[in-house]
Structure formats: structure tokens, C-alpha cells
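Protein chains in written order, with my numbering: chain A, 108 to 325; chain B, 108 to 325. Note that the Cβ used here is the ideal one computed from N, Cα and C, for glycine as well. What follows is one structure encoded as C-alpha cells, with my remarks underneath.
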DNA sequence: TACCATAATGGCACCGAGTGCCGAAAGGAA
DNA sequence: TTCCTTTCGGCACTCGGTGCCATTATGGTA
């Protein structure tokens with residue numbers, strides 16, 4: 108999740124009419140309107156008008172109204188971060204480090220990111236759409252897990268790890284949104300550690316397990 | 108997931124025009140058309156026409172075209188099954204048993220269930236919509252986990268468990284669909300056991316962990 | 001049997017997202 | 001200028017979904 112594409116990558120100067128706006132600019136306009144009037148009550152016409160473009164043009168920048176909420180993800184970066192650690196680093200540690208890094212956002216970006224994630228996690232239409240947006244994200248994690256576990260990609264364990272890691276991130280984000288002062292990095296870290304350790308822990312006030320480890324506290 | 112509502116619960120005989128169809132009948136008609144023509148290429152008009160009702164009436168039975176694919180879930184049953192085991196049964200064992208039980212389907216139901224899940228997991232619009240449909244399902248698991256862990260509902264760990272368990276089920280279902288002969292119960296069982304045990308297992312060919320347990324094999 | 005309250009039906013008009021088509025605008029290069 | 005390329009944006013259309021309301025079917029009651 109997170110990790111917006113850095114730069115427009117300076118174009119060399121092509122022929123033809125110049126683009127009259129940019130995805131980033133449209134996203135800003137859209138988020139402002141969503142914030143002010145709510146996602147459902149903002150029509151694509153509203154956004155286009157506010158951005159000074161035609162409605163038809165909006166759909167050349169974003170495939171749907173939903174998509175305008177998402178920044179662009181640089182999945183290559185996630186993949187690179189996963190592979191950054193050698194095979195001596197345990198799989199879940201590598202995943203945790205990569206995910207934390209991927210979700211690191213500067214303090215000045217935080218308010219916008221918060222609003223964006225509030226929309227994504229609370230507006231039903233966006234909540235639903237997120238499944239599609241995160242499919243690739245999940246498959247990156249899945250691919251890494253496949254390599255590390257030695258299982259073929261597409262088999263149960265890697266898929267499970269991909270799904271579960273995504274679930275953990277969503278749970279962490281939900282917690283983050285619920286508490287204004289919360290630290291996203293810490294929440295992600297906790298969630299992913301819990302996931303790595305497994306949920307087979309004794310209930311409060313139950314007999315101790317056969318092998319005592321150093322499980323993180325809940 | 109799964110577990111359709113059993114009976115229409117014999118009505119006492121009220122005044123007024125009788126319903127001209129039923130949710131179940133509409134679902135059958137819709138699934139047939141989706142199967143034949145594909146989900147996107149089937150319009151609500153098509154379904155209504157095939158069912159011999161007006162388009163407007165269709166939306167009185169299902170809130171959306173998407174919803175026609177889902178059977179109705181009896182979440183009360185899931186909740187009951189979770190609580191069926193006493194507190195001496197470990198949390199993840201109780202969850203596993205309840206989920207397996209909830210997803211038990213008779214052999215005659217299997218083909219229909221398979222087609223249904225194929226649609227849900229493969230058609231993008233339905234895949235997206237599923238997030239909303241399973242929100243309540245997840246919150247049932249989350250509530251149980253909250254009680255068992257002693258954490259307040261809505262806090263990180265129970266949420267994480269809800270998300271992760273759902274993720275595990277989805278991974279199992281995907282495997283099930285990918286292989287015609289696969290046994291759903293066994294896949295769910297494996298996925299949930301892996302999840303319970305955690306993913307902090309040694310990579311193939313790495314040094315043994317400090318405490319050797321009886322982790323399930325991958 | 002006539003009437004009435006009730007509940008479901010379905011047509012109609014409308015909104016908004018998304019798409020195919022195509023001519024017009026804008027800019028670089030010959 | 002002329003030509004080529006690219007983007008723009010209007011128009012018309014499809015489809016999902018909703019509010020409104022007259023119509024129809026049904027059971028109960030006078």
C-alpha cells in the first residue's frame with residue numbers, strides 16, 4: 108500500500124497537443140471535492156468542471172471515479188525491497204521490513220494520506236474497489252513467498268501468505284485511522300509480527316504451552 | 108462463507124398480493140444466464156425477462172445485480188458454531204472447526220457452489236463486491252477473537268485475526284477452484300492450520316529454530 | 001357479493017458512471 | 001504554410017440503480 112510514484116520523469120518533448128492537466132492535479136481536485144461534499148455526492152462532472160476539463164477527458168486520466176482516489180503504486184519498489192535482503196533474513200522479517208519501508212510517508216504527506224485512506228477504508232464503493240487495486244500488491248508478496256518457501260507460485264501457502272499479509276496491513280490501517288495520534292509504522296510492525304508468530308497462543312488464564320518461546324505480547 | 112439459509116419458514120398467510128417469485132428462484136435464473144452469457148454481458152433486463160418479472164421488481168428482491176450471485180448467509184449459525192466449543196478448546200481450533208463446518212456443502216450442492224464461487228472470485232465486479240459481503244462474516248470472527256484474547260473488539264489483534272482468517276479462506280477457495288478434484292474441507296483445514304501456526308518457519312535448508320515444535324509441514 | 005385494507009408489481013422518468021466515435025484544437029517539424 | 005501527431009471534448013448511447021405511483025392481486029369483513 109502507499110508509496111506514490113515519485114516524478115513525472117521529464118519528457119523529451121514530443122509532437123502534438125500538450126496534456127492540459129495531470130493525474131496528480133486531478134487527484135488533488137477530486138480529493139478536495141470528496142472531502143467537502145462526500146464521495147457519493149461528487150459527480151465526475153463536478154470534478155471535471157473544477158479541474159477545467161471535459162468530463163470525457165477525465166476518463167482519459169482515470170479509468171473510473173474510484174481510481175482517482177488512489178495514488179499510483181510503484182510495485183517495482185516493493186518487489187525490490189523484498190529482494191533487498193539476502194536469504195539469511197527470515198521470510199517474514201523481510202516482508203515486514205519491506206512493507207514498513209513501503210508505507211513510510213513523510214510528515215508533510217501524512218494528512219493527505221490519512222484522508223485518502225479514510226476514503227478507501229470507509230466509503231463502501233472504494234472499500235470494494237480496493238480488492239482490485241491491491242490484487243497486484245498481493246501477488247508481489249505472494250511471488251516472494253513462493254520463492255522463499257520453495258512452493259510453486261499459485262499454491263496454497265504463498266497465496267495464504269499474500270492474503271494474510273494484506274489482511275494484516277488493512278487491520279493496521281484501520282487502527283491507524285481510528286486513532287488520530289497513532290503511529291502507522293508501529294501498528295504495521297505489530298500486526299505483521301503477530302501474524303508471523305501465529306495465533307496459536309494460550310488464552311488468558313490457560314495452562315502454559317509445551318514449548319515456551321518468546322512470542323510477542325498481545 | 109457458504110452456508111445458505113435453509114427454509115422460507117412457512118408464512119402464516121397475510122393479506123395482499125402474493126410474491127410472484129423468490130430470491131432463490133431469481134438466483135437460479137441469474138446464475139444460469141451468467142453461466143451462459145457471462146456476468147457482464149447479462150443485463151438486469153435479461154434476468155428479469157427470463158424470470159418473467161419486471162426489471163423494477165428484480166431490484167425488490169436483490170439490491171443489485173451483484174447480490175444475485177450470493178446465497179444468503181446465516182451468520183447466526185457461524186456465531187453459534189464458534190461458541191459451541193468451551194473455552195478449553197484453543198481459539199484457533201474453535202475457529203477452524205466452525206469455519207469448516209460452516210463451509211460444509213452436500214455433494215449435490217457442490218456444482219452450483221463451485222460455479223457461484225467461480226463467479227465471485229473471478230469476475231472483477233463480484234470480486235470487488237465481495238469485500239462488502241464478507242464484512243459481517245469477518246466481524247463475527249473478530250468478535251469471537253476479541254472475547255477469546257481478552258482484547259477489546261475493534262483493537263488490532265482481533266481485527267487482524269478476522270482479516271487473516273478471511274484471507275486464509277479465500278486462499279483455500281482459490282485453490283479449490285483451480286483444481287477440479289480438490290477437497291474444499293481439506294484446503295480450508297490446511298490454510299487455517301498454517302495461519303494458526305504462523306509463518307515464522309525456517310526457509311528450506313536453513314538452521315533449525317531454537318525451540319522445535321510440531322509445526323505442520325508446508 | 002361488494003368493499004376495503006394491504007402488499008406486491010411494474011411502468012416511467014430520471015440520475016450517474018462509463019464508452020465508442022469523431023471532429024476540432026494545439027503543437028512540432030518539414 | 002502544410003502536414004503529422006496527440007490530446008481534447010462534445011454527443012449519443014448503454015446499463016445499473018432509484019423515486020414515484022397507478023395497477024393488480026389477495027384476504028378479511030360488512
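Contact with chain B is absent for residue 192/A, since none of that chain's Cβ atoms lies less than 8 Å from the residue's Cβ. Cβ contact annotation for residue 282/B (same chain, cutoff 7 Å, sequence separation greater than five): 289 and 294, in chain order. Annotation for residue 238/B: the continuous alpha helix (DSSP H) segment containing it runs 231–240.
In the three-state reduction of the DSSP assignment, residue 306/A falls in the coil class.
When Cβ-Cβ separations below 8 Å define contact, residue 229/B makes no contact with chain A.
If you draw a straight line from the Cα of residue 142/B to the Cα of residue 222/B, it comes to about 8 Å.
For the pair residue 235/B and residue 266/A, the CB atoms are not nearer than the 8 Å cut-off. In the structure shown, residue 209/B adopts helical secondary structure according to DSSP, grouped into three states. Residue 154/A and residue 233/A have their C-alpha atoms roughly 17 Å apart. With a cut-off of 8 Å on Cβ pairs, the segment 132–139 of chain A is in contact with the segment 171–179 of chain A, counting three or more such pairs. DSSP places residue 169/B in no alpha helix (DSSP H); its state is neither H nor E. The three-state secondary structure of residue 180/A, taken from DSSP, is strand. Taking CB atoms only, residue 130/B has no neighbour in chain A less than 8 Å away.
Residues of the segment 171–201 of chain B with a Cβ closer than 7 Å to any Cβ of chain A, in chain order: 194, 197, 198 and 199. Under the three-state reduction of DSSP output, residue 268/B falls in the helix class. Residue environment for residue 129/A: exposed (fewer than 16 other C-beta atoms within 10 angstroms of its C-beta). Those residues of the segment 146–165 of chain A placed with their C-beta closer than 7 Å to a C-beta in chain B do not exist. Taking a contact to require three or more Cβ pairs closer than 8 Å, the segment 251–271 of chain B and the segment 293–308 of chain A qualify as touching. The three-state reading of DSSP puts residue 277/A in helix, counting H, G and I together.
Of all residues in the segment 285–302 of chain B, the ones placed with a Cβ closer than 8 Å to any Cβ belonging to chain A are 285, 294, 297, 298, 301 and 302, in chain order. Assignment of residue 292/A by DSSP, reduced to helix, strand and coil, places it in the helix class.
Rounded to whole angstroms, residue 254/B and residue 308/B show a C-alpha spacing of 28 Å. Among the CB atoms of chain A, one or more fall inside 8 Å of the CB of residue 263/B. Contact between the segment 239–257 of chain A and the segment 184–203 of chain A is present: 3 or more CB-CB pairs across the two stretches fall below 8 Å. Here residue 245/B is buried: its Cβ has 16 or more other Cβ atoms, across all protein chains shown, within 10 Å. In this chain, residue 196/B is not harboured by any alpha helix (DSSP H), its DSSP state being neither H nor E. Interface flag for residue 306/B against chain A is set, since a Cβ pair is found closer than 8 Å. For residue 216/B, not one C-beta of chain A is nearer than 8 Å to its own C-beta.
At a cut-off of 8 Å, the C-beta of residue 253/B has no neighbouring C-beta in chain A. Within chain A, the residues whose beta carbon sits less than 9 Å from that of residue 236/B are 235 and 238, listed in sequence order. Here the alpha carbon of residue 209/A sits roughly 50 Å from the alpha carbon of residue 156/B.
Take residue 292/A, set aside five residues on each side of it, and the residues of its chain with a beta-carbon closer than 8 Å to its own are 207, 210 and 211, in chain order.
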